[in-house]
Amino acid sequence: MAENPGKGIWCVAELRHGALVPTIFELLSAARSLDQVSKEGVCAVVLGGPGKTAPAAKEIASRGAQRVFVLEHALLDGFLEEAYARALKDLIEREKPSKILLPASVAGRSLAARLAVACRAGLLGDVTAVALDSSGNLEALRPCYGGNLLATVAVRRGLQMATVRPMAFPRAAQASSSGEVVAAPVDPSSWGLRGRFAGFAPEESKEIDLSSAEKIVSGGRGLGSAKGFELIRDLAHALGAAVGASRAVVDSGWIAYRHQVGLTGRAVRPKLYVACGISGQVQHLAGMSSSDVIVAINSDPQCPMMKLANFAVQGDLHQIIPAVVAEIKKQRG
Amino acid sequence: MNIVVCVKQTPASANLPIDLATGRIKTEGLQLGVNPFDEYAIEEALRLKERLPGSSVSVLSFGAAAAEEALRSALALGCDEGILLYDPAFEQSDSLATAHLLCAAVRKLSKAKGAVALVLCGKQTNDGESGQVGAALGAWLDWPAASCVKKIPQADDSKIVVERLMEDGVDTVELPLPAVVSVIKGINEPRLPSLKGKMAAKKAVVARWGQAELAADVSQIGASSASVVVKTAPPETRSAGMTVPGGSPEEKAAFLVQKLKELKFI
């Protein structure tokens, strides 16, 4: 069994086309909770194109990372698993951390898997809680089987890695002192890179992304038609929330797949989830039942979503939602 | 083009009975089927086969003996051969170890029938849900890879262009072949099996490869996996909520908004 003589907990930031994804601050919280036991220090890594990482690195350094390693290269401008994994592996071999946390995003999950194989590391995927077991190994909780089971998983050898589900940890606040930003060398000459990042088309609507949203308003069959999503968007706008949907309405073509919450869509964990006209089939609940506060608006008081909700509002959503939007506007003045 | 699809046999229902004493899924009488995400991978492979003459589709599944049924489902849809990776020595393999076994099988296939150009996987399974196997397989094979692919606008014998659905939009990535791609729901509309296909699949011989055939690195698989499941348990149930009082929609709305304000959501 390979030993893991490394030291330090690293958090890998995700920079998407110049914008720092806030999951890094959640990773820093998770890392600091581990560091209270292991006392090995918390560092961060940010990768990106030439001249693109400075504001992000500074921000991360101010939120509790003692060192922020910056990997800049033209080949790291767009996300490519091969390039990111090689750049990180080179840095890991030099600096020898013991643990690495990444966001369980599309890029984070595939990067983590590629990196873990390259480093012969152990990887715990999509976890919602982290701890150290009695031998100091990384242990984590991860929901599986559509939220039906919670598994306790642990790394047994090598470098210890985990991808952390967005919104599972609070975001680290400004620290009293700022960490240092360290520019690390990037040498792609030995990478043998084959894939090529060819372009990016941003999501056209300015809607908030589901997976890192603090509030989500979702619509289901009860909306009656695609037009019903205008109500959902009104309420989402009033609350500053992202727009979600059940599988049934995505399959009916009322809204794009990227909005789907549930087993075959996104797993989300917002602070507030408002389910409108969603009865709460198991496949949907699997993706949202760990939300902090759930509000259900439904005509059927007996449906599973109404029973799960912290606040169950019985009635016709076509009347309730406009009334809620009007009330929010009134409260705001 | 030689295409490989990786499939897993998983529970067919989202509503799973849990044994509260052991904290595990009750497997007795549990309906199993092809992991829903893998159905899109199978369909995409068949469409590529139809587009590129002379192609073949091999299906791999790592699982118990019963997983042969998942392979037969793929054969009924038009895949050319099915291979079950099964050996007691493979048990307790985590997702990286699973990818290692699939890697050994892809290499063996390449030797037996000519170089494999493309491996397609589902984005994740509906049981383990790690979403790591496709990317890890790319790493073990040392091939370029892309995850969460929503469209393959271009594919020929040397290169594949994929559109990847990210949180903030769509990335386009070019991968020279061989490559590994994992696909999401919505990339296609999977076909149904024909009666003829079903009949043929029933009679088809599904090969079974164990450690004797794969000769996988035993330090990376089975009980030597780098991660373990310590235990499983059902998640905590939520405490009961309240029904929002009021007669009119306006009264209910006022109560709800007041509560949301107290919780600092407004």
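Going line by line, the protein sequences match chains W and A.
Just so you know, the numbering used here puts the end of the first sequence at 343, numbered straight through with nothing missing.
Just so you know, the numbering used here puts the end of the second sequence at 253, numbered straight through with nothing missing.
Glycine included, C-beta positions come from ideal geometry on N, C-alpha and C.
State the start and end residues of the unbroken alpha helix (DSSP H) segment that holds W:LEU125. Taking the first residue of the first sequence as 1, we reach residue 125 of chain W at position 115. Start and end: 116 to 128.
Beta-carbon of A:GLN141 versus every beta-carbon of chain W: anything under 8 Å? Position 154 of the second sequence, counted from the start, is the residue given in the question as residue 141 of chain A. A:GLN141 does not count as touching chain W.
Taking 7 Å as the cut-off, is the CB of W:ARG279 close to at least one heavy atom of the ligand ADP? Summarising the ligand content, the structure contains no ligands, and the ligand ADP is consequently not present.
Are any of the Cβ atoms in chain A nearer than 8 Å to that of W:PHE321? Within the first sequence, residue 321 of chain W is the residue found at index 311, counting from 1. Closer than 8 Å: yes.
Do the stretch 253 to 272 of chain W and the stretch 294 to 302 of chain W meet, that is, are 3 or more Cβ pairs less than 8 Å apart? yes
For the alpha helix (DSSP H) containing A:GLY125, list its first residue and its last residue. On the second sequence, position 138 is the one that residue 125 of chain A refers to. It spans 120 to 128 - the alpha helix (DSSP H) in which A:GLY125 sits, taken as one unbroken run.
Report the residue from A:LEU47, A:ASP81, A:PRO177 and A:LEU17 whose alpha carbon sits nearest the alpha carbon of W:GLY135. One-based indexing of the first sequence puts residue 135 of chain W at position 125. W:GLY135 has its Cα closest to that of A:ASP81, out of A:LEU47, A:ASP81, A:PRO177 and A:LEU17.
Please list, in chain order, all residues of the same chain as W:LEU125 whose beta carbon is under 6 Å from its beta carbon, the five residues on each side excluded. Taking the first residue of the first sequence as 1, we reach residue 125 of chain W at position 115. Excluding positions up to five away in sequence, the list reads ALA95 and LEU98.
Going by DSSP in three states, A:PHE242 sits in which element: helix, strand or coil? Locating residue 242 of chain A in the second sequence gives position 255, where the first residue counts as 1. Three-state result, A:PHE242: helix.
Option nearest W:ALA67 by Cα separation, candidates W:TYR155, W:GLU149 and W:ALA194: The residue you call residue 67 of chain W lines up with position 57 of the first sequence. When each option's Cα is compared against that of W:ALA67, the closest is W:ALA194.
Secondary structure of W:GLU103, DSSP reduced to three states: Along the first sequence, one-based indexing puts residue 103 of chain W at 93. W:GLU103 falls in the helix class under three-state DSSP.
Please look up how many angstroms separate the CB atoms of W:GLY248 and W:ILE218, rounded, as I've assumed it's under 8 Å. For the purposes of this step, residue 248 of chain W is taken as residue 238 along the first sequence, with counting starting at 1. For the purposes of this step, residue 218 of chain W is taken as residue 208 along the first sequence, with counting starting at 1. A small correction: the amino acid at residue 248 of chain W is Ala; Gly does not occupy that position in the sequence shown. No, W:ALA248 and W:ILE218 are not in contact; Cβ-Cβ is about 13 Å, not under 8 Å.
Three-state secondary structure (DSSP) at W:ALA12? Mapped onto the first sequence, residue 12 of chain W falls at position 2. Residue placement at W:ALA12 is flagged as unreliable, the pLDDT there being 46, under the threshold of 50; a coordinate-derived value is accordingly withheld.
Is W:LEU151 closer than 8 Å to W:LEU160 when the C-beta atoms are compared? Looking up residue 160 of chain W in the first sequence gives position 150. Looking up residue 151 of chain W in the first sequence gives position 141. Result yes, Cβ atoms of W:LEU160 and W:LEU151 sit closer than 8 Å.
Taking just the CA atoms, how far does W:ARG257 sit from W:PRO311? Mapped onto the first sequence, residue 311 of chain W falls at position 301. Mapped onto the first sequence, residue 257 of chain W falls at position 247. Rounded to whole angstroms, W:PRO311 to W:ARG257 spans 21 Å at the Cα level.
Is the number of C-beta pairs between the stretch 106 to 122 of chain A and the stretch 196 to 216 of chain A that are closer than 8 Å three or more? no
Quick one: grab the DSSP three-state call for A:THR159. Here residue 159 of chain A corresponds to residue number 172 of the second sequence, with the count starting at 1. Residue state, collapsed to three classes: strand.
Using a C-beta to C-beta distance shorter than 9 Å, which residues of chain W count as neighbours of A:ASP155? By one-based count along the second sequence, residue 155 of chain A stands at place 168. What A:ASP155 touches in chain W: ARG26, HIS27, ALA29, VAL31, PHE210, PRO212, GLU213 and ASP219.
May I ask you to list the residues that DSSP assigns as paired with W:VAL259? Taking the first residue of the first sequence as 1, we reach residue 259 of chain W at position 249. DSSP lists no partner for W:VAL259.
What in chain W is Cβ-close to A:CYS135, meaning under 7 Å? Counting from 1 along the second sequence, the entry for residue 135 of chain A is found at position 148. Around A:CYS135, the beta-carbon contacts reaching into chain W at under 7 Å are VAL116.
From W:LEU142 to W:ARG166, what does the alpha carbon distance come to, in whole angstroms? Residue numbering aside, residue 142 of chain W sits at position 132 when the first sequence is read from its first letter. Residue numbering aside, residue 166 of chain W sits at position 156 when the first sequence is read from its first letter. Going by the C-alpha atoms only, they are around 12 Å apart.
By how many angstroms is the C-alpha of A:LYS185 removed from the C-alpha of A:LEU3? As a position in the second sequence, residue 3 of chain A is number 16, starting the count at 1. As a position in the second sequence, residue 185 of chain A is number 198, starting the count at 1. The straight-line gap from Cα to Cα measures roughly 28 Å.
Going by C-alpha distance, which of A:LYS137, A:GLU30, A:VAL168 and A:THR14 is nearest A:PRO180? Counted from its first residue, the second sequence places residue 180 of chain A at position 193. The candidate whose alpha carbon is nearest that of A:PRO180 is A:GLU30.
What is the rounded straight-line gap between the Cα of A:ARG151 and the Cα of A:PRO221? On the second sequence, residue 151 of chain A is found 164 positions in, with the first residue counted as 1. On the second sequence, residue 221 of chain A is found 234 positions in, with the first residue counted as 1. Cα to Cα, A:ARG151 sits roughly 34 Å from A:PRO221.
What did DSSP end up calling W:ILE265 once you bin it into helix, strand or coil? Stepping through the first sequence from its first residue, residue 265 of chain W is reached at position 255. Three-state result, W:ILE265: coil.
Please state the DSSP three-state secondary structure of A:PRO177. The sequence position of residue 177 of chain A within the second sequence is 190, counting from 1. Reduced to three states, the DSSP call for A:PRO177 is coil.
Could you tell me which uninterrupted alpha helix (DSSP H) segments, each at least 4 residues in length, are contained entirely in the stretch 45 to 90 of chain W, listed from first to last along the chain? 64 to 71
Can you give the Cα-Cα distance for A:ALA(-1) and A:LEU19, rounded to whole angstroms? The count along the second sequence starts at 1 and reaches residue -1 of chain A at position 12. The count along the second sequence starts at 1 and reaches residue 19 of chain A at position 32. About 5 Å.
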